[in-house]
Amino acid sequence: MVKICCIGAGYVGGPTMAVIALKCPTIEVAVVDISVSRIAAWNSEQLPIYEPGLEEVVKQCRGKNLFFSTDVEKHVFEADIIFVSVNTPTKTRGLGAGKAADLTYWESAARMIADVSKSNKIVVEKSTVPVKTAEAIEKILVHNSKGIKYQILSNPEFLAEGTAIQDLFNPDRVLIGGRETPEGQMAIKALKDVYAHWVPEDRIITTNLWSAELSKLAANAFLAQRISSVNAMSALCEATGADVSQVSHAIGKDSRIGPKFLNASVGFGGSCFQKDILNLVYICECNGLPEVANYWKQVIKVNDYQKNRFVNRVVSSMFNTVSGKKIAIMGFAFKKDTGDTRETPAIDVCKGLLGDKARLSIYDPQVTEDQIQRDLSMNKFDWDHPIHLQPMSPTAVRQVSVAWDAYEATKDAHGLCILTEWDEFKTLDYQRIFDNMQKPAFVFDGRNLVNLDKLREIGFIVYSIGKPLDAWLKDMPAMA
Ligand code: NAI
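All residue numbers for the sequence shown refer to the working numbering, where the first residue is 227 and numbers rise by one.
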């Protein structure tokens with residue numbers, strides 16, 4: 227029986243391995259992590275991450291051919307194929323601080339593999355890593371090899387949170403990069419055989435190591451770029467009276483552009499886009515390509531601009547101050563159908579409003595109060611470290627309360643901000659919300675989710691990104 231071990235039981239390691247176990251009953255899969263609480267949660271009724279369909283998959287295989295364990299060394303020792311899916315945060319200090327990927331966790335995983343292995347292994351990079359990481363990993367393994375042979379493969383993950391299980395069941399492509407030697411090709415084939423249990427052959431792409439590593443960074447950069455492009459357009463729409471949804475629809479009909487990922491919003495978030503673009507920018511700089519670096523840096527700058535612009539719209543609309551005013555924040559996760567708050571635009575928007583002394587009442591169907599308080603008091607980039615290594619959050623932010631539903635959050639509020647596109651926000655009783663709010667009552671829709679005409683009929687003053695502005699907002703500039 228082929229044995230797979232995955233180091234890192236996070237948003238990628240957990241779902242990917244659960245699907246491999248489901249689709250390959252003849253393979254034994256162990257997912258290991260240094261975080262005791264995370265492994266305990268994977269073994270409990272309350273999984274550590276929320277992802278539609280995940281629980282069903284885990285329940286079908288757990289205890290049969292899918293195991294979650296903290297005994298990292300035992301499972302690495304026994305495995306034929308080792309996936310490494312640990313976090314790759316942005317460095318916070320030293321060379322490349324604020325840009326380069328911090329490979330501390332990766333390196334320690336590689337050294338541990340070298341220490342405990344007694345048989346040949348295929349080591350698979352599942353984490354998103356800088357180009358040429360495989361070379362560094364290879365050096366660590368080979369220099370400590372005791373005669374054991376290692377093959378390094380790059381198999382970046384393209385799943386999107388919120389649709390992870392669907393994406394894993396039916397991937398657009400699986401990418402496997404390896405050495406162009408006979409041994410490298412054999413390792414590629416071994417991994418291809420795993421995916422071939424359910425992925426059609428023509429969707430499994432094989433490349434050299436560096437193309438695979440770079441393709442993941444490039445894919446995220448292109449995706450984020452589309453969002454920043456449409457968000458940049460949204461600012462111009464507001465200035466001219468054009469409607470960004472109409473513009474997106476019109477340009478998306480061009481098959482060279484396509485309709486996906488063209489929704490204007492308060493900005494992109496999630497653990498990957500910013501981190502991976504910063505990483506790409508750093509690699510370009512290190513390779514003497516400042517023009518290329520600046521080109522991609524702009525994608526992040528526009529994202530920051532969009533979040534600032536949103537905060538400024540809120541403050542300027544409400545008579546240039548939100549001091550002491552209750553503002554309801556609806557949605558805190560970085561997108562719907564996930565409880566993940568890593569780099570969510572809600573953090574910057576909330577911090578911006580808190581900076582102007584607002585009182586916030588936050589509601590998100592999947593995010594806990596504890597998580598929200600941690601996010602609002604944590605330093606930039608600290609979130610991307612294993613939970614038990616994160617600094618304890620200082621005292622909770624006092625101007626923030628967390629509500630158990632949207633009605634509670636909006637009661638007596640002066641304004642409400644929609645920051646995540648949860649479906650339930652579409653069908654709320656906005657008349658009831660309006661009746662219970664202070665007047666004038668404002669809605670700031672950061673996801674273009676509400677029906678503008680209906681809300682205006684009720685009596686709200688509504689701002690929706692990239693849409694023709696209410697007369698109220700027209701005279702109030704978005705950027706100071
Ligand atoms: P995560 O933070 O949820 O999970 C990483 C896990 O690795 C943590 O539970 C941590 O405790 C564990 N870990 C760290 N060092 C370890 C060690 N030495 N031994 C054992 N366990 C260790 O991160 P996530 O989101 O799963 O991401 C992992 C990688 O996959 C990152 O490089 C990310 O860029 C990439 N990725 C993430 C996607 C996403 O949507 N979250 C999608 C595609 C790629």
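Ideal placement from N, C-alpha and C gives every residue a C-beta, glycine not left out.
Close beta carbons around residue i, own chain, < 8 Å, minus the five adjacent residues each side
i      : result
GLY484 : GLY478
GLU676 : In the sequence under discussion, the amino acid at residue 676 is Val, which differs from the Glu named in the question. The answer, listed in chain order, is ILE644, PHE651, LYS652, TYR656, VAL669, VAL688, SER690.
LEU449 : PHE487, PHE499
LEU280 : GLY240, PRO241, ALA244, LEU273, ALA390, ILE391
LEU462 : ALA468
Three-state secondary structure assigned by DSSP to residue i
i      : result
ASN446 : helix
PHE668 : strand
ARG399 : coil
PHE309 : strand
MET707 : Given a span of 227 to 706 for the chain in the structure shown, any question on residue 707 remains unanswerable.
TYR633 : helix
ARG682 : helix
ASN605 : coil
MET227 : coil
ASN434 : strand
ALA706 : Any reading at ALA706 must be qualified, since the residue scores a pLDDT of 47, below 50, and its modelled position is unreliable; no value is offered.
THR653 : helix
GLY404 : strand
ALA639 : coil
ILE253 : coil
VAL420 : helix
LEU379 : strand
ALA386 : coil
ARG429 : helix
ILE246 : helix
8 Å contact criterion, which residue i and residue j should meet: CB distance rounded
i      : j      : result
THR653 : PHE558 : That pair is no contact at about 19 Å.
ARG452 : PHE395 : Not really, about 24 Å apart at Cβ, beyond 8 Å.
ALA554 : ALA635 : 4 Å
ASN446 : PHE499 : 6 Å
ALA247 : CYS287 : 4 Å
ALA326 : TYR531 : With a Cβ gap of about 24 Å, ALA326 and TYR531 do not count as contacting.
GLU277 : THR564 : 7 Å
LYS352 : PHE303 : 19 Å between Cβ atoms; not a contact.
ILE430 : LYS415 : Contact doesn't hold; Cβ gap of about 10 Å is too wide.
GLU376 : LYS347 : For the sequence presented, residue 376 should be read as Tyr rather than Glu. Confirmed, Cβ separation roughly 6 Å.
SER295 : ALA256 : 6 Å
SER441 : PRO382 : 7 Å
ASP582 : VAL548 : 5 Å
ASN457 : ALA490 : 6 Å
LYS680 : ASN662 : Not really, about 17 Å apart at Cβ, beyond 8 Å.
HIS423 : LYS249 : 5 Å
Neighbourhood of residue i by C-beta distance below 6 Å, restricted to the same chain and skipping five residues each side
i      : result
SER690 : ASP671, ASN674, LEU678
ALA572 : PHE558, LEU645
TRP698 : ILE687
ILE275 : TYR237
VAL540 : PHE670
LEU443 : ASP502, LEU506
TYR331 : VAL312, ASN313
VAL350 : PHE309, LEU379, ASN381
C-beta contact flag for residue i and residue j at 8 Å
i      : j      : result
PHE307 : ALA336 : Residue identity check: residue 307 is Ile in the sequence provided, not Phe. Contact: no.
GLY495 : GLU569 : yes
LYS225 : GLU387 : Residue 225 lies beyond the residue range present for the chain, which begins at 227 and ends at 706; the question has no answer from this structure.
GLY236 : TRP268 : no
ILE402 : LEU367 : no
SER380 : LEU435 : yes
SER454 : ASN529 : yes
THR567 : ASP596 : no
GLY692 : SER460 : yes
ILE391 : VAL298 : no
ASN291 : PRO356 : no
LYS217 : MET544 : Nothing can be reported for residue 217: it is not among the residues displayed for the chain, which extend from 227 to 706.
VAL626 : ILE598 : yes
CYS231 : VAL258 : yes
PHE389 : THR354 : For clarity, residue 389 is Thr in the given sequence; the question names Phe instead. No, these two residues do not count as a Cβ contact at 8 Å.
GLU427 : THR359 : no
ILE588 : VAL628 : yes
Cβ-based neighbour list, residue i, same chain, cut-off 7 Å, excluding 5 preceding and 5 following
i      : result
VAL537 : VAL575, GLY578, LEU579
LYS229 : GLU254, GLU304, ALA305, ASP306
GLY467 : PRO694
VAL425 : PRO397, VAL400
TRP648 : GLY557, LYS562, PRO591
Exercise. Note down, one range per segment and in chain order, each beta strand (DSSP E) of at least 3 residues found wholly within the segment 336 to 362.
Key: 347 to 351
Exercise. Please go through the segment 476 to 552 and give each complete alpha helix (DSSP H) segment of 4 or more residues, from N-terminal end onward.
Key: 499 to 512, 516 to 543
Quiz prompt | Whole alpha helix (DSSP H) elements within the segment 264 to 288, 4-residue minimum | solution = 280 to 287
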